[in-house]
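See below for the structure under consideration.
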Amino acid sequence: MSSDIDAAPCICFFLGHGINENILVGTDEMNMSSNTPPRRLSIFGSTGSIGCNTLDVISHLGGREAFQVCALSGRGNTDLLARQAIDCGVEIAVTADEKRYKDLKRALSGSGIECAAGDKALVEAAERDVEWTMAGIVGMAGLAPTLAAARKGADIALANKECLVSAGSLFQREITAGGGRLLPVDSEHNAIHQVFDRDQSGSVERIILTASGGPFRSLNQNEMAKVSPAMAADHPNWSMGLKISIDSASMFNKALEMIEARHLFDLRPDQIEVIVHPQSVIHSMVGYCDGSVLAQLGAPDMRTAIGYCLSYPKRPDLPIERLDFAQLARLDFEAPDEKRFPALRLARQAMEGGGLLGAVLNGAKEVALEAFIEERIGFLEMADIVEKAMDQIGPGETASSIEAVYDADQRARIIAREMVGASMAAQ
Ligand code: NAD
Ligand code: MG
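See below:
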């Protein structure tokens with residue numbers, strides 16, 4: 041199984057509601073005032089699940105009349121990237137994979153669209169002057185372009201949770217210094233953002249992140265030891281990229297989200313709770329000092345969160361499925377099992393240890409996830425590898441600079457690769 045999901049012939053088939061060739065020709069009167077110039081924006085990771093959903097939201101909110109897409113980026117599927125670029129009439133399309141430069145150039149020939157490849161080109165594209173950037177690249181690879189956009193003052197719609205998990209307050213400081221806003225796209229954080237009373241943040245006692253429990257919610261450890269990447273990628277409720285789907289099955293996604301929430305909402309670790317809610321209708325909740333709990337509910341469709349970030353502080357009119365409570369009939373909840381899902385315990389350890397442990401957890405997890413996708417290690421070994429990397433590097437190192445974050449990430453990856461090698465040798 042390839043880990044590069046957008047290397048598939050066309051990601052539209054991977055998405056429930058997907059995209060089509062005419063994605064940017066939709067019209068909607070709300071953003072179509074003839075006096076307002078189109079808003080300039082960029083989408084990094086446009087060929088992925090978040091990227092395609094972002095283009096779909098744009099098509100519903102006025103398309104090219106309302107938005108001028110400056111840059112798009114992808115890595116695997118150059119045909120899709122080129123098609124998106126031509127539909128949007130972008131200035132520049134960037135593939136992160138230098139080996140695909142020629143393919144992209146060929147697909148864009150005659151369009152007048154600039155074409156570039158590689159990590160440096162991604163950063164340069166992110167430095168172009170835009171009001172809003174979708175950070176939709178998966179993994180640590182998203183940090184550099186997102187930081188570049190933040191430093192230039194763009195509002196950052198943050199889907200890439202790895203930025204906050206790894207660089208935490210350093211990343212937030214860069215956004216503040218740049219003058220843009222940080223708008224959380226992750227459905228849980230977007231939900232909390234919607235119900236978090238920032239004027240009375242002292243009255244917030246706790247936040248409650250909901251988790252679907254993933255496809256292995258009711259498997260025992262013996263059964264979990266034998267699952268395949270395809271089984272792990274089969275998320276019960278959400279249609280997402282390969283890596284986040286498997287992270288949801290191991291609950292590493294929730295682990296990353298706990299750390300992300302700590303930074304976004306400036307909370308202590310003990311104020312962050314997780315509850316398994318298999319229907320994924322409540323996207324998360326905030327508990328206040330008077331016992332009130334405010335929740336945001338909706339269909340499991342990322343376009344709500346993306347539209348919220350795109351139109352903030354207004355609410356856009358979007359064709360998202362409306363909840364029918366009579367049909368739903370019930371909402372279930374259960375406590376997460378940290379024995380079967382050690383990722384949650386490791387997230388607490390990373391939050392309590394602070395410093396660079398978030399970067400270590402994420403770096404080791406990315407290596408372990410890749411190894412699981414390539415069937416070099418088993419599902420349960422991912423958490424063992426992350427735990428060993430965290431134990432070896434340990435807490436106590438302060439995140440003094442972005443360079444220190446990258447260094448911790450690299451050290452964690454080296455340890456994780458050694459462990460993957462040892463596990464394979466023992467097989
Ligand atoms: P995806 O795999 O569907 O898409 C990832 C995008 O990043 C693609 O465009 C891909 O080409 C690009 N990419 C992959 N590796 C790259 C690299 N090394 N350098 C540059 N570009 C690269 O992933 P996704 O599901 O859209 O998730 C994107 C991010 O959003 C992740 O951080 C994920 O955790 C987060 N997120 C996703 C969802 C969702 O519903 N999909 C929800 C919440 C948060
Ligand atoms: Mg989420």
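With the sequence shown counted from 1, adding 40 to any position gets you the working numbering. Each residue gets a CB set at the ideal place from its N, CA and C atoms; glycine is no exception.
Within the region 217-289, the runs of beta strand (DSSP E) that reach at least 3 residues and sit entirely inside it are, in chain order, 222-224, 244-251. Counting along the chain, no beta strand (DSSP E) covers I454; the unbroken alpha helix (DSSP H) around it starts and ends at 442-466. Cβ contact annotation for P382 (same chain, cutoff 6 Å, sequence separation greater than five): A423, in chain order.
For F107, the CB contacts under 7 Å within the same chain, skipping 5 residues up- and downstream, are P78, R79, L81, I98 in chain order. In the DSSP assignment, H317 falls outside any beta strand (DSSP E) and carries neither an H nor an E. Note that the C-beta distance between V205 and I299 is below 7 Å.
Beta-bridge pairing by DSSP links R79 to F107. For L420, no beta strand (DSSP E) segment is defined, and its DSSP state is neither H nor E. Secondary structure note for D195: its beta strand (DSSP E) is the uninterrupted segment 195-198. Restricting attention to I454, A207, T76, Q319, the CA atom closest to the CA of L304 is found in A207. In the DSSP secondary-structure assignment, L210 is not bridged to any residue.
Burial of C128 is indicated by the presence of at least 16 other C-beta atoms within 10 angstroms of its C-beta. Apart from sequence neighbours up to five positions away, the residues of its chain that approach D330 with a beta-carbon distance below 8 Å are S243, ordered along the chain.
DSSP places L307 in no beta strand (DSSP E); its state is neither H nor E. Closest in alpha carbon position to R123, among V134, G103, C110, L148, is L148. Distances from the CB of G85 to the heavy atoms of the ligand NAD include at least one below 6 Å.
Membership of L396 in any beta strand (DSSP E) is not indicated, and neither H nor E is assigned to it by DSSP. Contact annotation, I433 with V400: C-beta distance approximately 5 Å; criterion of less than 8 Å satisfied. Residue state for S99 is assigned as helix, using DSSP reduced to three classes.
Beta bridge pairing from DSSP links Y328 with V244.
Looking only at A265, N260, K266, N293, the smallest Cα-Cα distance to H275 is reached by N293.
Residue pairing by DSSP places Q336 opposite S324 in a beta bridge. Placement of the Cβ of I90 at a distance of less than 6 Å from at least one heavy atom of the ligand NAD is found. In the DSSP assignment, I346 falls within the unbroken alpha helix (DSSP H) covering 342-351.
Rounded to the nearest whole angstrom, the C-alpha separation of A231 and S320 is 12 Å. In this structure, the CA atom of T186 is about 35 Å from the CA atom of K379.
In the DSSP assignment, E164 falls within the alpha helix (DSSP H) that extends over 159-166.
According to the DSSP assignment, I126 belongs to the alpha helix (DSSP H) that extends over 118-128. Around the beta carbon of Q367, fewer than 16 other beta carbons sit within 10 angstroms, so the residue counts as exposed. The beta carbon of H317 sits closer than 6 Å to the beta carbons of T250, F373 from its chain, once the five residues preceding and following it are set aside; these are given in chain order.
Distance from the Cα of H323 is smallest, within the candidate group L198, D306, T344, for T344. E202 sits away from G176, with the two beta carbons spaced by 7 Å or more.
Spanning the alpha carbons of D377 and S151 requires a straight line of approximately 53 Å. Taking C-beta atoms as the reference points, L386 and E361 fail to come closer than 7 Å. Placement of the Cβ of E228 at a distance of less than 6 Å from at least one heavy atom of the ligand MG is found. In the three-state reduction of the DSSP assignment, A188 falls in the helix class, which pools H, G and I.
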